[in-house]
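Peer 1:
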Amino acid sequence: MNTRRRFYKLAAVTPGNGVALDGRPLRTPLKQSLILPTLELAEAIAAEWQAQGEKIEPETMYLTKLANTAIDRMPIHRAAIEQELVDYAGSDLICYRAEAPPDLAKRQAEHWDPVLKWVLKELGASFAVACGVMHRQQSAETLEAYRSRIGAMNPFKTTSLHTLTTLTGSALASLMLVEQAIDPGAAWAATHVDEDYQIEHWGWDHEAKHRRDRRHAEFFAAVRFAELSGQ
């Protein structure tokens with residue numbers, strides 16, 4: 092665990108949506124000023140730092156980590172990150188359905204069809220659905236519609252989208268979530284249909300549960316980060 096002793100008394104917001112520790116401005120790992128797009132996000136990050144105990148535990152400060160990524164990595168690697176998101180959309184979780192058992196196929200349709208309907212309405216993009224795991228190529232026009240949509244996002248929203256996509260395997264459900272078109276709990280359930288089905292039938296594995304709990308915390312932190320990042 093990467094920890095160090097707390098060296099400050101007060102974490103507070105500074106003018107211009109920055110954060111300071113005892114009056115000293117916070118900087119990113121690349122020594123850039125930690126300036127946030129909204130006052131609400133700055134307040135939430137200041138609260139993360141203020142909540143630390145005698146030792147600082149960076150792994151508990153999800154919002155700070157996401158902000159560092161948005162400021163340090165996104166300007167340099169945005170094109171590659173957007174391409175990774177498009178690649179996820181091209182083989183999206185919700186486009187691959189089970190043929191059997193019937194109750195799993197039904198559950199997938201109930202959770203996933205509304206996402207595809209939203210994507211069609213909002214992006215004008217119709218994603219092809221396949222049964223089984225054989226790759227189904229999406230059209231260039233469909234993927235370009237997705238690329239265009241994410242290209243208009245600010246770097247903080249894009250950071251949240253990338254995090255949610257890698258956590259869930261669904262670039263489409265994550266886009267819907269970042270745009271606040273689906274309840275976070277419903278999005279979590281939708282992207283864990285297969286896993287939940289297996290748990291219901293075979294029970295929990297201790298290590299798998301620990302990993303899922305970690306993902307769950309990261310997921311809801313990324314949702315909050317998107318909500319606080321403005322337009």
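Note that my numbering has the sequence shown beginning at 92, numbered continuously upward.
Note that the Cβ used here is the ideal one computed from N, Cα and C, for glycine as well.
Keep in mind it's a predicted model, so treat the numbers as computed, not measured.
Beta-carbon separation of L125 and L132 under 8 Å?
Peer 2: The residue given as residue 125 occupies position 34 in the sequence shown. The residue given as residue 132 occupies position 41 in the sequence shown. Not a contact, by the Cβ cut-off of 8 Å.
Peer 1: Closest by CA to A308, which one among E291, T254, R169, E173?
Peer 2: Within the sequence shown, the letter at position 217 stands for residue 308. Minimum Cα distance to A308 is reached at T254.
Peer 1: If you run the structure through DSSP and keep just helix, strand and coil, what is R227?
Peer 2: By 1-based counting over the sequence shown, the position of residue 227 is 136. Of the three classes helix, strand and coil, the one that applies to R227 here is coil, per DSSP.
Peer 1: Which residues does DSSP list as the beta-bridge partners of K146?
Peer 2: Position 55 of the sequence shown, counted from the start, is the residue given in the question as residue 146. BP columns for K146 point to R96.
Peer 1: Tell me where the alpha helix (DSSP H) around A189 begins and ends.
Peer 2: Within the sequence shown, numbered from 1, the residue matching residue 189 stands at position 98. Careful: A189 lies outside any alpha helix (DSSP H) and carries neither H nor E.
Peer 1: Using DSSP's beta-bridge definition, name the partner residues of A221.
Peer 2: By one-based count along the sequence shown, residue 221 stands at place 130. Answer by DSSP bridge pairing, in chain order: Y187.
Peer 1: Smallest Cα separation from M244: which of L176, P120, R95?
Peer 2: As a first step, residue 244 is located in the sequence shown; it is residue number 153 there, counting from the start. Selected option, being the one with the closest Cα: L176.
Peer 1: Please state the DSSP three-state secondary structure of S124.
Peer 2: For this step, residue 124 is matched to residue 33 along the sequence shown. Correct three-state label for S124: strand.
Peer 1: Using only the alpha-carbon positions, how far apart do T94 and T160 sit?
Peer 2: Counted from its first residue, the sequence shown places residue 94 at position 3. Counted from its first residue, the sequence shown places residue 160 at position 69. Each residue's alpha carbon lies about 20 Å from the other.
Peer 1: G144 and R97: beta carbons closer than 8 Å?
Peer 2: As a working note, residue 144 is residue 53 in the sequence shown. As a working note, residue 97 is residue 6 in the sequence shown. Contact: yes.
Peer 1: Please report the distance separating the alpha-carbon of T233 from that of H297.
Peer 2: Taking the sequence shown and counting its residues from 1, the one referred to as residue 233 is at position 142. Taking the sequence shown and counting its residues from 1, the one referred to as residue 297 is at position 206. Approximately 40 Å, taken between the alpha carbons.
Peer 1: Just mark C186 as buried or exposed, buried being the case when its beta carbon has 16 or more other beta carbons within 10 Å.
Peer 2: On the sequence shown, residue 186 is found 95 positions in, with the first residue counted as 1. When all chains shown are included, C186 counts as buried.
Peer 1: Between the alpha carbons of A200 and R164, how many angstroms are there, rounded?
Peer 2: Indexing the sequence shown from 1 puts residue 200 at position 109. Indexing the sequence shown from 1 puts residue 164 at position 73. Going by the C-alpha atoms only, they are around 36 Å apart.
Peer 1: What's the gap between the Cα of G321 and the Cα of Y288?
Peer 2: On the sequence shown, residue 321 is found 230 positions in, with the first residue counted as 1. On the sequence shown, residue 288 is found 197 positions in, with the first residue counted as 1. About 36 Å.
Peer 1: On a CA-only basis, which of A281, A280, V269 is nearest A315? Give me that one, please.
Peer 2: Start at 1 with the first residue of the sequence shown, and residue 315 comes out as number 224. Going by the sequence as given, residue 315 is Arg instead of Ala. Comparing Cα positions, the closest option is V269.
Peer 1: How is the alpha helix (DSSP H) around G181 delimited, first residue to last?
Peer 2: Counting from one through the sequence shown, the residue named residue 181 turns up at place 90. Taken as a continuous stretch (DSSP letters only), the alpha helix (DSSP H) holding G181 covers 165-181.
Peer 1: Could you tell me whether the segment 201-211 touches the segment 255-275, using the rule of 3 or more Cβ pairs below 8 Å?
Peer 2: yes
Peer 1: Quick check: what's the CA-CA separation for M92 versus K156?
Peer 2: In the sequence shown, counting from the first residue as 1, residue 92 sits at position 1. In the sequence shown, counting from the first residue as 1, residue 156 sits at position 65. Low confidence applies to M92: its pLDDT is 47, below 50, so where it sits in the model is not reliable enough to give any reading.
Peer 1: Only counting the same chain, and skipping five residues up and downstream in sequence, which positions put a Cβ closer than 6 Å to that of E148?
Peer 2: Your numbering for residue 148 matches position 57 in the sequence shown. If we look at E148 and ignore the five residues flanking it on each side, its Cβ neighbours are T94.
Peer 1: Suppose the cutoff is 7 Å on Cβ atoms and the five residues either side in sequence are ignored; what does the same chain contact list for K122 look like?
Peer 2: Within the sequence shown, the letter at position 31 stands for residue 122. None.
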